[in-house]
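Remember, the numbering used here sits 25 above the position in the sequence shown when you count from 1.
Backbone N, C-alpha and C fix where the C-beta goes; we use that ideal spot for every residue, glycine too.
Take a look at the structure set out below.
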Amino acid sequence: GCRFPRGGVTGLAKAFVSLSRTVKMVKKTPTEVFESLSVVTDPSKLAIMTLLSRLGDWSYLAGEKFAYLAVLAVTNMVQKTLSNGLFDWSAKSLAALGYLSLVVFSDIDTAHYFGERALQM
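Dropping the structure here:
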C-alpha cells in the first residue's frame with residue numbers, strides 16, 4: 026500500500042526524500058528497461074494508479090499546503106511504473122518527475138532526460 030505522511034515539515038521532508046530517491050533511481054535505470062516495460066492489466070494495480078493520479082491532480086490544485094502530496098503521488102507512480110510496467114499515466118508521471126527535478130533541483134539535463142523517456146512511452 027501507499028502511506029502518505031501528514032503535512033507540515035514532516036510531509037515536505039518525506040516528499041523531498043522521495044523525490045531525490047526516485048530521481049536517482051530513474052537516472053540509474055537503463056533505457057532498455059523503459060523500452061521493455063509491458064502494459065499492466067491487473068485491475069488492482071490499475072486502480073491504485075488511477076487513485077494516485079487523481080490524488081496528485083487534486084493536491085496540486087488544492088494549493089501549497091498540499092504540494093507534498095502531489096510530489097509523493099508522482100514519485101509513487103514512477104516507482105510503480107518501473108516495478109510493475111506501463112500504465113495509462115506512466116508517461117505523465119515521468120514528465121511530472123522531470124518538471125519537479127527542474128523546479129526543485131534546477132537540473133535541466135535531468136528534466137530533459139525524463140521528458141525524452143516520457144515521450145518514448
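Distance, Leu122 Cα to Ala136 Cα: If I take the Cα positions, the gap works out to 8 angstroms.
The segment 105–125 contacting the segment 63–75, beta-carbon criterion three pairs below 8 angstroms: Yes: at least three Cβ pairs fall under 8 angstroms.
Boundaries of the alpha helix (DSSP H) in which Asp82 is found, first to last residue: Asp82 -> alpha helix (DSSP H) spans Pro68 to Ala87.
Residue from Asp82, Gly110, Val42 and Leu97 with nearest C-alpha to Asp67: Check the Cα spacing between Asp67 and each of Asp82, Gly110, Val42 and Leu97: the tightest is with Gly110.
Cβ-based burial, Ala143 [other Cβ within 10 Å; buried from 16]: Around the beta-carbon of Ala143, 16 or more other beta-carbon atoms lie within 10 Å, marking it buried.
Candidates Val48, Thr35 and Met102, of which the one nearest Ala133 by Cα: Going by the sequence as given, residue 133 is Ile instead of Ala. Ranking Val48, Thr35 and Met102 by CA distance to the CA of Ile133 puts Val48 first.
Alpha carbon of Ser61 to alpha carbon of Asp113, nearest angstrom: The alpha-carbon atoms of Ser61 and Asp113 are separated by roughly 16 angstroms.
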